[in-house]
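For the sequence shown, position 168 matches number 167 in numbering that gives the first Met the number 0, and the numbering has no gaps at all. Don't be surprised by glycine CBs; every beta carbon is placed ideally from N, CA and C. Encoded as structure tokens, the structure appears first; notes follow it.
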Amino acid sequence: MSIVDDLRTLDTSDPGRWPLPIRIGAVGIVFVAVVAIGFYLFVIKEEFPLLERAESEEVDLRGQFEDRQRKAANFDAYRAQLAEIERDFGAMLRQLPGRTEVPSLLVDISQTGLGAGLEEQLWQPTLEVQKDFYAELPIKLRYTGSYHEFGSFVSGIAALPRIVTLHDITIRRASSDGSPDELTLDATAKTYRYLDEEATEGR
Numbered sequence: 000m001s002i003v004d005d006l007r008t009l010d011t012s013d014p015g016r017w018p019l020p021i022r023i024g025a026v027g028i029v030f031v032a033v034v035a036i037g038f039y040l041f042v043i044k045e046e047f048p049l050l051e052r053a054e055s056e057e058v059d060l061r062g063q064f065e066d067r068q069r070k071a072a073n074f075d076a077y078r079a080q081l082a083e084i085e086r087d088f089g090a091m092l093r094q095l096p097g098r099t100e101v102p103s104l105l106v107d108i109s110q111t112g113l114g115a116g117l118e119e120q121l122w123q124p125t126l127e128v129q130k131d132f133y134a135e136l137p138i139k140l141r142y143t144g145s146y147h148e149f150g151s152f153v154s155g156i157a158a159l160p161r162i163v164t165l166h167d168i169t170i171r172r173a174s175s176d177g178s179p180d181e182l183t184l185d186a187t188a189k190t191y192r193y194l195d196e197e198a199t200e201g202r
């Protein structure tokens, strides 16, 4: 009889009477199945959380890599932008007078008012206010004149080579019985000077 015929005539209720080769094969199949199930339950299944964590870390690392790759691709553009910012910052710093240039700048502000045809009523520098890397020098101003003269004064201030800003501006009639064209301007002019390293360190 062939093995196929032996398999057909097997009595499943009495495995002990099966031919020896078939019994060995059946035991082998059962053994392999038990080992496979045990390997899945005690090895593979316990490794699933590690696998999921590894996959999550892979996604995070891939995102970090792509982000850094984008930054690396734009590095030259960032460097050029930084150089441009440094140039602009340097140009602005050059517009801040040093300590020795402040007196001449204050004279320029006063001369701008007089050159516009205004009559100076008050010109009072106040205490310097120190900031991070510069200092504000406020000057209280009071001039009398016309609207056109005030406009000329403001234009002259804007045209100065150094930074000067006007704050707290009020304009009113010079007197109740005077000419309606005669006005008084009160303002605070602020100029700025760059603090050198010694002044910054000494704060």
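Within 8 Å, strictly: CB atoms of residue 193 and residue 136: no
Cβ-Cβ distance between residue 182 and residue 188 below 8 Å: When the beta-carbon positions are compared, residue 182 and residue 188 stay at least 8 Å from each other.
Length of the line joining the Cα atoms of residue 184 and residue 150: Roughly 11 Å between the two C-alpha positions.
Contact the region 103-116 vs the region 153-160: 3+ CB pairs below 8 Å: yes
Test item: CB-CB of residue 113 and residue 143 under 8 Å: no
Backbone secondary structure at residue 116 - three-state DSSP: coil
Three-state class that DSSP yields for residue 138 in the structure shown: strand
Same chain only: Cβ atoms within 8 Å of residue 153, ignoring 5 sequence neighbours per side: 165
Residue 148, buried or exposed, once every other Cβ within 10 Å from all chains shown has been counted against 16: Buried: at least 16 other Cβ atoms inside 10 Å.
Inter-residue Cα distance where the pair is residue 168 and residue 119: 15 Å
Close beta carbons around residue 212, own chain, < 6 Å, minus the five adjacent residues each side: Lying outside 0 to 202, the shown extent of the chain, residue 212 is not represented and no answer is given.
Residue 76, buried or exposed, once every other Cβ within 10 Å from all chains shown has been counted against 16: exposed
Residue from 85, 171 and 62 whose Cα sits closest to the Cα of residue 141: 171
Residues sharing a beta bridge with residue 146, DSSP: According to DSSP, which records beta bridges pairwise, residue 146 is partnered with nothing at all.
Range of the contiguous beta strand (DSSP E) that encloses residue 158: Segment: none, residue 158 is in no beta strand (DSSP E) and carries neither H nor E.
Residue 138 versus residue 129: straight-line alpha-carbon distance, rounded: 15 Å
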